[in-house]
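I have placed the structure first, in the form of structure tokens, so that the comments after it can refer back to it.
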Amino acid sequence: MGGMSSMVDAATGLLSEWGISVAPVEGGGPEPRVELRRAGSRAVYLLRQSRPVETATWQRSQTSAGHEPVLHLIRHATQAQSEELRDLGVEYLDSSGNAHLHFGDVFVDVRGRRPRERGRRPTGQNPFSGRRSRVAFVLLAWPQLWEATNQEIADAAGVSMGTAHQGRLMLREAGLDRGSRQAELLDRWSAAWIASIGAKLTLGRFHARSLEVQKVSANDPMFCSGEAAVADLVRPISLLLYVPALQPRLAAVNRWRTDGPNNVTLREAFWSEPGAGLPEVQGIPAAPWPLVYADLRGAADPRLHDVARVVRERHVDPA
Numbered sequence: 012m013g014g015m016s017s018m019v020d021a022a023t024g025l026l027s028e029w030g031i032s033v034a035p036v037e038g039g040g041p042e043p044r045v046e047l048r049r050a051g052s053r054a055v056y057l058l059r060q061s062r063p064v065e066t067a068t069w070q071r072s073q074t075s076a077g078h079e080p081v082l083h084l085i086r087h088a089t090q091a092q093s094e095e096l097r098d099l100g101v102e103y104l105d106s107s108g109n110a111h112l113h114f115g116d117v118f119v120d121v122r123g124r125r126p127r128e129r130g131r132r133p134t135g136q137n138p139f140s141g142r143r144s145r146v147a148f149v150l151l152a153w154p155q156l157w158e159a160t161n162q163e164i165a166d167a168a169g170v171s172m173g174t175a176h177q178g179r180l181m182l183r184e185a186g187l188d189r190g191s192r193q194a195e196l197l198d199r200w201s202a203a204w205i206a207s208i209g210a211k212l213t214l215g216r217f218h219a220r221s222l223e224v225q226k227v228s229a230n231d232p233m234f235c236s237g238e239a240a241v242a243d244l245v246r247p248i249s250l251l252l253y254v255p256a257l258q259p260r261l262a263a264v265n266r267w268r269t270d271g272p273n274n275v276t277l278r279e280a281f282w283s284e285p286g287a288g289l290p291e292v293q294g295i296p297a298a299p300w301p302l303v304y305a306d307l308r309g310a311a312d313p314r315l316h317d318v319a320r321v322v323r324e325r326h327v328d329p330a
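Its first residue numbered 12, the sequence shown is counted upward by one per residue in the numbering used here.
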């Protein structure tokens with residue numbers, strides 16, 4: 012399970028199944044300290060990589076020198092080993108999903124799961140479906156997040172830490188974390204976005220006489236995408252905006268109507284940028300470039316497909 016950060020990531024992924032979040036705690040020695048939380052229960056543990064050994068050794072290692080409980084991370088515990096560890100009161104997680112853990116009102120006791128085959132996943136899962144697609148998106152938009160913590164990825168993508176862990180892991184197992192495969196990652200993510208995911212985030216469609224936008228409040232988050240984000244390449248005739256939520260007053264302030272041909276679309280802005288601000292277009296920041304590319308590529312207007320290729324060339328190194 013590697014170094015300290017990988018140990019924390021491993022615990023995060025395993026514990027997410029039971030709705031338990033993991034937060035690193037500063038200080039301590041060479042072994043990471045984490046706080047586990049679920050609802051109103053929380054506890055600080057020392058994470059330790061271990062393997063099923065002599066009973067006496069486990070008994071001596073149940074608490075750290077600072078009297079904090081130890082949560083053992085092991086590769087796999089057999090049914091017999093799981094029962095013995097439970098009888099000893101040893102708290103542990105293994106990579107197969109077996110566990111014994113008790114803090115506050117939380118009690119987890121899972122035994123009998125078999126080791127997972129390398130690379131095998133439940134049928135129907137892929138890194139570009141559901142909320143995992145958001146993880147792929149932020150890794151495309153901000154590649155520095157490949158080396159970030161699960162919490163940082165979760166914050167950027169607007170997903171749980173478990174989803175962040177699973178999404179990044181699946182992409183890495185597919186080899187899509189290598190810079191040489193950025194184009195493939197973009198193609199596969201954008202295809203899923205165009206096929207269904209983007210449309211599911213639609214909050215409303217309107218008709219506007221003017222594409223000039225007035226915010227309800229100057230501080231309201233709002234991002235433009237599609238042709239409105241590349242006015243230097245094409246003259247926009249429609250407006251695609253991403254906002255955190257639909258504000259009824261936004262349509263009223265801009266005199267948008269629900270009758271007539273739609274030329275304004277609002278979608279949910281689910282991400283949070285981890286770095287500096289994005290360039291502004293008519294006072295509204297552009298959405299992250301992978302989203303602009305996907306929205307252009309998926310547009311019904313064929314003239315925007317050539318524009319999408321230009322956006323791609325600006326950001327993706329040629330293979």
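Glycine residues also receive a C-beta, built at the ideal position from the N, C-alpha and C atoms.
- Residue pairing for Phe281: DSSP places it in no beta bridge.
- In the three-state reduction of the DSSP assignment, Arg268 falls in the strand class, which pools E and B.
- Closest by C-alpha distance to Val322, out of Phe217, Leu250, Ala240, is Ala240.
- DSSP, read as helix, strand or coil, puts Leu180 in helix.
- In this structure, DSSP gives Thr276 an extended state, which the three-state scheme calls strand.
- Distance from the Cα of Val227 is smallest, within the candidate group Pro301, Gln177, Pro259, Thr213, for Pro259.
- Taking the Cα positions, Phe217 is about 27 angstroms away from Trp200.
- Asp306 carries a helical assignment under DSSP once its states are collapsed to helix, strand and coil.
- At a Cβ-Cβ threshold of 8 angstroms, Asp116 and His87 do not count as neighbours.
- Each residue's CA atom was taken as its position, placing Arg59 and Leu156 some 25 angstroms apart.
- For the set Gly271, Thr174, Leu112, Leu150, the Cα lying nearest the Cα of Gly141 is the one of Thr174.
- Separation of the CB atoms of Ala168 and Phe148 is rounded to 7 angstroms, and the pair is thereby assigned contact status at 8 angstroms.
- Residue environment for Arg143: buried (at least 16 other C-beta atoms within 10 angstroms of its C-beta).
- With fewer than 16 other CB atoms across the displayed protein chains lying within 10 angstroms of its CB, Val36 is exposed.
- Beyond the five residues adjoining it in sequence on each side, Phe139 comes within less than 7 angstroms, by CB distance, of Ala147, Arg199, Trp200, Ala203 in the same chain, given in chain order.
- Classified as exposed, Leu212 has fewer than 16 neighbouring CB atoms from the shown chains inside 10 Å of its CB.
- The residue from Glu223, Asn273, Ala194, Ala280 with its alpha-carbon nearest to that of Met233 is Ala280.
- Going by beta carbons, Leu214 and Leu257 fall inside the 8 angstroms limit.
- Where Glu324 is concerned, the enclosing alpha helix (DSSP H) starts and stops at 314-326.
- In this model, Glu95 and Thr23 are separated by some 25 angstroms (Cα to Cα).
- For Ser236, no alpha helix (DSSP H) segment is defined; the enclosing uninterrupted segment is the beta strand (DSSP E) at 234-236.
- Closest in alpha carbon position to Arg124, among Arg44, Ser107, Leu112, Pro255, is Ser107.
- Excluding five sequence positions before and after Ser249, the CB atoms of its chain that fall closer than 6 angstroms to its own CB belong to Asn274, given in chain order.
- In this structure, Gly186 lies away from Arg179, with their beta-carbon atoms at least 8 angstroms apart.
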